Amino acid sequence: MSLTEINFDGIVGPSHNYAGLSFGNLAAMRNMGASSRPRAAALQGLDKMRANLALGLTQGLFVPQPRPARGWLAELGVEAEQADTALLANAMSASSMWAANAATVSPGPDTADGRTHLTVANLKSMPHRSHEWPATLAQLRLAFADDRYFRIHAPVPSAFGDEGAANHMRLTERHGAPGLELFVYGVSGGAFPARQHLEASRAVARLHGLDPERTLFVEQSEEAIAAGAFHNDVVAVANERVLFAHEQAFADRDGLLDQLNTRFPAFEYVEVAAADVGLDDAIRSYLFNAQLVTPPDGQPTLIIPEEARETTSVWNWLQRHLAGNGAIRRVEVVNVRESMANGGGPACLRLRVVADPAAIDPRFLVDEPKLDRLSSVISRTWPEEIAPADLGSPQLLAQVEQARAALLDTLDLSQLL
Ligand code: SUG
15 MSLTEINFDG
25 IVGPSHNYAG
35 LSFGNLAAMR
45 NMGASSRPRA
55 AALQGLDKMR
65 ANLALGLTQG
75 LFVPQPRPAR
85 GWLAELGVEA
95 EQADTALLAN
105 AMSASSMWAA
115 NAATVSPGPD
125 TADGRTHLTV
135 ANLKSMPHRS
145 HEWPATLAQL
155 RLAFADDRYF
165 RIHAPVPSAF
175 GDEGAANHMR
185 LTERHGAPGL
195 ELFVYGVSGG
205 AFPARQHLEA
215 SRAVARLHGL
225 DPERTLFVEQ
235 SEEAIAAGAF
245 HNDVVAVANE
255 RVLFAHEQAF
265 ADRDGLLDQL
275 NTRFPAFEYV
285 EVAAADVGLD
295 DAIRSYLFNA
305 QLVTPPDGQP
315 TLIIPEEARE
325 TTSVWNWLQR
335 HLAGNGAIRR
345 VEVVNVRESM
355 ANGGGPACLR
365 LRVVADPAAI
375 DPRFLVDEPK
385 LDRLSSVISR
395 TWPEEIAPAD
405 LGSPQLLAQV
415 EQARAALLDT
425 LDLSQLL
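For the sequence shown, the working numbering begins at 15 and goes up steadily by one.
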């Protein structure tokens with residue numbers, strides 16, 4: 015077994031649109047009613063995967079879910095062609111692209127039975143996301159079917175909101191060693207909802223068989239949620255020994271640092287002070303919604319969206335950090351603008367799994383030739399643009415379903431998902 019970090023990116027689905035469904039997600043609220051570009055969005059996502067491959071990282075993918083979500087609409091007693099605008103928007107969202115919300119993952123070295131555990135998120139806080147979990151569960155059961163190495167859990171009961179890995183971090187000497195798992199939950203978000211509930215996080219930790227000595231439950235600060243950090247990964251990210259966070263990310267920053275120093279003395283804290291980058295700039299630029307990775311050359315690398323380079327306070331901070339030989343040694347910039355406009359940056363688009371690639375269904379792993387094939391099917395079949403008024407058109411519904419079918423066919427996944 016050679017455990018490595020594998021990032022599974024959600025391919026942006028052909029129904030990607032801006033219906034403004036996520037209250038508390040400022041980008042999504044701001045872009046409500048704008049026209050989207052699903053084809054460009056999906057191609058941007060593929061380019062991000064190419065950039066990760068170029069760094070020498072192992073890369074995986076998840077496929078878009080069926081849209082419209084006909085099964086969910088049927089449970090509501092309506093067909094897509096008859097559903098009203100609001101309901102249809104909830105059934106057409108391509109939000110499963112944000113794979114960081116698919117599940118919470120605990121790698122084998124942390125769990126009682128030595129297997130990698132994944133608990134599918136219930137995403138119950140937002141109607142358009144609440145129906146993602148059955149298709150996510152089916153996909154994870156296929157990708158991680160080998161039960162010698164993986165254990166997949168159904169979502170925790172919907173009494174408690176769970177939004178997956180976006181609210182979970184892990185500190186460790188190296189990916190294949192035991193780690194300290196941090197579950198970040200919200201209590202209050204001012205005007206906005208706290209989407210990750212403590213009871214859900216506790217349940218996930220129990221289900222995964224984590225050692226309580228190596229598990230922390232950390233409250234997200236109310237001011238961060240109120241400023242638009244609807245998930246912890248909008249204000250903090252961890253990789254191996256490094257925790258990179260905004261000064262105002264956590265309710266009790268000092269208490270957390272004390273705990274970390276006691277339980278994992280090797281950890282390195284990289285903080286961005288509010289005086290250098292205000293929460294507003296941090297959230298608008300998605301500086302922290304970056305992928306912090308260690309490629310084979312050993313240089314901790316931060317993969318940020320273009321919006322972070324365009325935000326002066328953020329870019330200046332990064333330049334100073336690099337010049338001072340801080341813990342982050344390299345910055346890579348990617349264009350994920352279509353996803354960003356719905357509040358999803360580079361880190362939202364991926365689910366990080368520490369596992370042996372040989373234990374995973376190869377259909378969910380990518381290399382350049384596979385990305386070329388995907389790029390060609392997406393360029394041929396994905397809608398170029400979706401204006402809000404198009405969302406219910408029978409032609410669009412048909413195109414979205416055909417496009418996904420063509421993609422699954424290319425991946426040899428037809429009839430399975
Ligand atoms: O749940 N946006 C997503 C963005 C998720 C980002 N994920 C992480 N931070 N890990 C959300 O708020 C907008 C969809 C719309 O409005 O149609 C949306 O669901």
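No residue lacks a Cβ here, since even glycine has one placed at the ideal position from N, Cα and C. These numbers were taken from a predicted model, which means no experiment stands behind them.
Does Arg-51 come out as helix, strand or coil in the three-state DSSP assignment? If DSSP states are grouped into helix, strand and coil, Arg-51 belongs with coil.
Do Leu-293 and Gln-262 have their CB atoms nearer than 8 Å? Yes; because the gap between Cβ atoms is below 8 Å, this pair is in contact.
Among the residues of its own chain, which have a CB less than 7 Å from the CB of Phe-206, if the five just before and after it don't count? Closer than 7 Å at the Cβ level, and outside the excluded window around Phe-206, lie Phe-37, Gly-38, Ile-239, Ala-240 and Phe-244.
Please state if the CB of Val-348 and the CB of Asp-295 are separated by a distance shorter than 8 Å. Taking the C-beta atoms as reference points, Val-348 is found no nearer than 8 Å to Asp-295.
Using a Cβ distance threshold of 8 Å, determine whether the region 160–169 contacts the region 124–138, with at least three qualifying pairs required. Yes, since at least three Cβ pairs between the region 160–169 and the region 124–138 fall closer than 8 Å, the two stretches touch.
Best match in Val-198, Val-201, Ala-289 and Trp-147 for proximity to Leu-431 [C-alpha to C-alpha]: When only C-alpha atoms are compared, the closest one is Trp-147.
Using CA coordinates, which residue listed in Ser-139, Met-46, Ala-97 and Thr-186 is at the minimum distance from Thr-308? Minimum Cα-Cα distance from Thr-308 among the listed residues Ser-139, Met-46, Ala-97 and Thr-186 corresponds to Thr-186.
Among the residues of its own chain, which have a CB less than 7 Å from the CB of Ala-83, if the five just before and after it don't count? Beyond the five residues adjoining it in sequence on each side, Ala-83 comes within less than 7 Å, by CB distance, of Ala-105 and His-145 in the same chain, given in chain order.
The ligand SUG heavy atoms versus the CB of Leu-35: any closer than 7 Å? Yes, the Cβ of Leu-35 comes within 7 Å of a heavy atom of the ligand SUG.
Beta strand (DSSP E) runs wholly inside the region 116–179, at least 3 long, in chain order: You should have 117–120, 130–134 and 164–167.
Taking a contact to mean a Cβ-Cβ separation below 8 Å, would you say Ser-109 touches His-142 in this structure? Going by C-beta atoms, Ser-109 is nearer than 8 Å to His-142.
Just to check my reading of the structure: Val-368 and His-222 have Cβ atoms closer than 8 Å, yes? What is that Cβ distance to the nearest angstrom? Incorrect: roughly 13 Å between the Cβ atoms, too far for contact.
Return helix, strand or coil for Gln-58, following the three-state DSSP convention. Reduced to three states, the DSSP call for Gln-58 is helix.
Taking just the CA atoms, how far does Val-248 sit from Gly-366? A small fix is needed here, since residue 366 is Arg in this sequence, not Gly. If I take the Cα positions, the gap works out to 16 Å.
Rounded Cβ spacing between Arg-364 and Phe-22 (contact assumed at less than 8 Å): Between Phe-22 and Arg-364 the Cβ distance is about 6 Å, and since that is below 8 Å, they are a contact.
Can you have a look at Gly-59 and say buried or exposed, based on whether 16 or more other CB atoms are within 10 angstroms of its CB? Flag for Gly-59 reads buried.
Got a sec: does the ligand SUG put a non-hydrogen atom nearer than 7 Å to the Cβ of Phe-244? Checking the Cβ of Phe-244 against the ligand SUG gives yes.
List the whole-angstrom C-beta distance separating Val-345 from Gly-359, where the pair is believed to meet the contact cut-off of C-beta under 8 Å. Your pair Val-345 and Gly-359 does not check out as a contact, with CB atoms roughly 14 Å apart and the cut at 8 Å.
Just how far apart, CA to CA, sit Gly-27 and Gln-79? Rounded to whole angstroms, Gly-27 to Gln-79 spans 7 Å at the Cα level.
Could you check if Met-140 belongs to the surroundings of the ligand SUG, using beta carbon to heavy atom distance under 7 Å? Within the cutoff, so yes.
Whole beta strand (DSSP E) runs in the region 353–396 with 3 or more residues, listed along the chain? Every beta strand (DSSP E) of 3 residues or more that sits fully in the region 353–396 is shown, in chain order, as 364–369.
Contact test: Asp-247 Cβ vs the ligand SUG heavy atom, cutoff 7 Å: Yes - the ligand SUG has a heavy atom lying nearer than 7 Å to the Cβ of Asp-247.
DSSP state of Asn-21, grouped into three classes? Strand at Asn-21.
Got a sec: does the ligand SUG put a non-hydrogen atom nearer than 7 Å to the Cβ of Arg-143? True, at least one ligand heavy atom lies under 7 Å from that Cβ.
Whole-angstrom distance between Val-170 and Ala-214, CA atom to CA atom: Cα-Cα distance, rounded: 7 Å.
Check whether the Cβ of Pro-32 sits closer than 7 Å to any heavy atom of the ligand SUG, and report yes or no. For clarity, residue 32 is Tyr in the given sequence; the question names Pro instead. Checking every heavy atom of the ligand SUG against the Cβ of Tyr-32, one is found closer than 7 Å.
Identify whether Ile-239 lies in helix, strand or coil by the three-state DSSP scheme. Assigned with DSSP and collapsed to three states, Ile-239 falls in helix.
Rounded to the nearest angstrom, what separates Ala-54 and Asp-426 at their Cα positions? Taken atom to atom, the span from the alpha-carbon of Ala-54 to that of Asp-426 is near 23 Å.
Taking 7 Å as the line, does the beta carbon of Asn-8 fall inside it for any heavy atom of the ligand SUG? The displayed coordinates of the chain run from 15 to 431. Any statement about residue 8 would go beyond what the structure contains.
How is the beta strand (DSSP E) around Thr-72 delimited, first residue to last? The continuous beta strand (DSSP E) containing Thr-72 extends over residues 72–76.
With which residues is Gln-305 paired in a DSSP beta bridge? Looking at the DSSP assignment, Gln-305 forms a beta bridge with Ile-317.
Going by Cα to Cα distance, which pick from Ala-288, Leu-271, Val-291 and Ala-289 is closest to Glu-282? The residue with the shortest Cα to Cα distance from Glu-282 is Leu-271.
Using 10 angstroms around the beta-carbon of Pro-408, count the other beta-carbons present and answer buried if the total reaches 16, otherwise exposed. Answer is exposed; the Cβ neighbour count stays below 16.
Cβ contact (3+ pairs, closer than 8 Å) linking the region 412–421 and the region 388–395: Touching, per the Cβ criterion.
Under 8 Å between C-beta atoms, does Glu-382 make it to chain D? No chain D is part of this structure, which consists of one protein chain only.
Close beta carbons around Ala-113, own chain, < 7 Å, minus the five adjacent residues each side: So the qualifying residues of the chain are Phe-22, Asp-23, Gly-24, Phe-76, Leu-363, Arg-364 and Leu-365.
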